[in-house]
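Numbering follows my numbering, in which position 129 of the sequence shown is assigned residue number 961; successive positions increment by one, without gaps.
Please read the structure below before turning to the comments.
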Amino acid sequence: MIKLPKHVQIEEIPLEAMYRGVLRGLLTRIKVLYEAIYTRYGDDGLDLIREVSEQYGNEIVKRVRGNDEPWDINKVGLFLVKVFNNMRAEGEVTEFGKDRVSIKVPLCPYPFKDKKICSAHTSMECALVKGLNPDLEYYIEKSVPAGDPFCLHVLQQ
Numbered sequence: 833m834i835k836l837p838k839h840v841q842i843e844e845i846p847l848e849a850m851y852r853g854v855l856r857g858l859l860t861r862i863k864v865l866y867e868a869i870y871t872r873y874g875d876d877g878l879d880l881i882r883e884v885s886e887q888y889g890n891e892i893v894k895r896v897r898g899n900d901e902p903w904d905i906n907k908v909g910l911f912l913v914k915v916f917n918n919m920r921a922e923g924e925v926t927e928f929g930k931d932r933v934s935i936k937v938p939l940c941p942y943p944f945k946d947k948k949i950c951s952a953h954t955s956m957e958c959a960l961v962k963g964l965n966p967d968l969e970y971y972i973e974k975s976v977p978a979g980d981p982f983c984l985h986v987l988q989q
């Protein structure tokens, strides 16, 4: 933290409140940057967002999986829940079976409005899932930016 002179006071903010505020600001900043990239560069901008997002997903895989065997669908699903929880996303697991895991999220934490930007950003989750288990598919079955009332993230065998 930044040290202040002894005679200067600043309001203490609880860590959880500070984290939520900072995270909300960073997620909004990512959204605004993505929109600017897409506005300026069109489809090339979407390709850039996809490439960077995929690279980030692959970096996460290297950190968490190492050289282990591929994870089963439930372990991958629980890891996605952990990723979403780190983003402070609200929602619930609506299916948790041996062939399909579904995670319903009522509001996008970013919050994306354009389904093309959402899809490009989701390359991170696709790369993450493929890196943890190449036999699994990841897709968004329903999407708020596409006009649905919620997002439904799906893992499938």
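All C-beta atoms in this analysis are idealised placements derived from N, C-alpha and C, irrespective of residue type, glycine included.
Predicted model, so just to flag it, every value in this text is computed and none were measured.
Counted as a single uninterrupted DSSP element, the beta strand (DSSP E) harbouring Y970 occupies residues 969-974.
Taking a cut-off of 8 Å for Cβ pairs, the segment 868-877 and the segment 938-945 do not touch, as fewer than three such pairs fall below it.
In this structure, V933 places its C-beta atom within 8 Å of the C-beta atom of E927. The beta-carbon distance between L960 and G889, rounded to whole angstroms, is 4 Å. This is short enough to meet the 8 Å contact definition. Spatial neighbours of E969 in its own chain (CB-CB distance under 6 Å, excluding positions within 5 residues in sequence) are listed in chain order as Q988.
Judged by their CB atoms, V908 and I935 are not nearer to each other than the 8 Å cut-off. For I862, same chain residues with a beta-carbon under 7 Å away, outside a window of 5 residues either side, are Y942 in chain order. As a beta-bridge residue in DSSP terms, R932 pairs with Q988. Per DSSP, the beta bridge partners of E927 are S934. C983 has V937 as its beta-bridge partners, per DSSP. Annotation for D876: the continuous alpha helix (DSSP H) segment containing it runs 847-896.
Residues of the same chain with a CB within less than 8 Å of the CB of L964, apart from the 5 flanking positions on each side, are V893, V896, R897, P902, W903, K907, V908, F911 in chain order. Annotation: R856 to E891 spans about 23 Å, alpha carbon to alpha carbon.
Closest option to E973, judged by alpha-carbon separation, among P966, K962, C950, D967: C950.
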